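Novice: In our numbering, the protein residues as written are 51 to 284. All C-beta atoms in this analysis are idealised placements derived from N, C-alpha and C, irrespective of residue type, glycine included. Note that this is a predicted model, so its numbers are computed, not measured. Below are the structure tokens for one structure; questions will follow.
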């Protein structure tokens, strides 16, 4: 962990030059958490679909992404990852447009060639990602949606795992983390039900990647973090 701590200190963002949006809502409109096919009326603020788009055009080496950060939030993890692994292309997916605009502006102005963020609702699937093309998927600290009536807004589902199984390389990995024990139990339940992945509980000591904003908050406040590592069954 010493190397990671040193790395995180080096990776700095000038927030005077790149201030976050003044109002960042934890949630956005409930309509955005449902697939567009299930909506009777599609609101004008619904993210665009990317059924057929050349994602490689967003990267300096004109190659497709190797890494996915689903629900990348403020993009701290994504940006640190792109610096730690300059030879990998990382694509972030985020539902809150203000944070997407911020990340895109930062990436373009800082000349980062191996990272990009798109405004998209992943509940619509990942058709724009090629089969067996992703080495690592990060699904870190998703919204817990604790109320029973809200749980249908959770992205983690059998359908979601079907898509991840399709796009992850046979030797690739899915990393999941949360600070909510009941969400961790939910993730384990869905993984078991899908039967597509072998998985194990991992510890913070084994974590070799940058931290998200949420993870730093948890560490600072001694909040437990629950981690799962999963690999596609062959």
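#1: Would the beta-carbon of residue 140 fall within 7 Å of that of residue 131?
#2: So, helix, strand or coil for residue 276, using DSSP?
#3: Helix, strand or coil for residue 187 per DSSP?
#4: Relative to the C-alpha of residue 84, which candidate in 201, 278, 221 and 185 has its C-alpha closest?
#5: What residues match up with residue 282 in a beta bridge as DSSP calls it?
#6: Buried or exposed for residue 137, going by 16 or more other Cβ atoms inside 10 Å?
#7: Just tell me which of 235, 109, 169 and 175 has its CA closest to the CA of residue 196.
#8: Select from 162, 242 and 191 the residue whose C-alpha is nearest the C-alpha of residue 110.
#9: What do you get for residue 56, buried or exposed, if any count of 16 or more other CB atoms within 10 angstroms of its CB means buried?
#10: Would you kindly work out how many angstroms separate the C-alpha atoms of residue 32 and residue 215, rounded to a whole number?
#11: Is it buried or exposed for residue 247, if we count other Cβ within 10 angstroms and need 16 for buried?
#12: What residues in its chain sit with their C-beta under 6 Å from that of residue 166, if we drop five residues either side in the sequence?
#13: Ordered along the chain, which non-local residues of its own chain (more than five positions away) have a Cβ less than 7 Å from that of residue 124?
Specialist: Inspection of the coordinates gives the following:
#1: yes
#2: strand
#3: strand
#4: 201
#5: 247
#6: exposed
#7: 235
#8: 162
#9: At residue 56, the pLDDT of 38 sits below 50, so the modelled position is not reliable and the matter cannot be decided from this model.
#10: Because residue 32 is not part of the residues shown, which for the chain are 51 to 284, the question remains open.
#11: buried
#12: 108 and 141
#13: 70, 149 and 263
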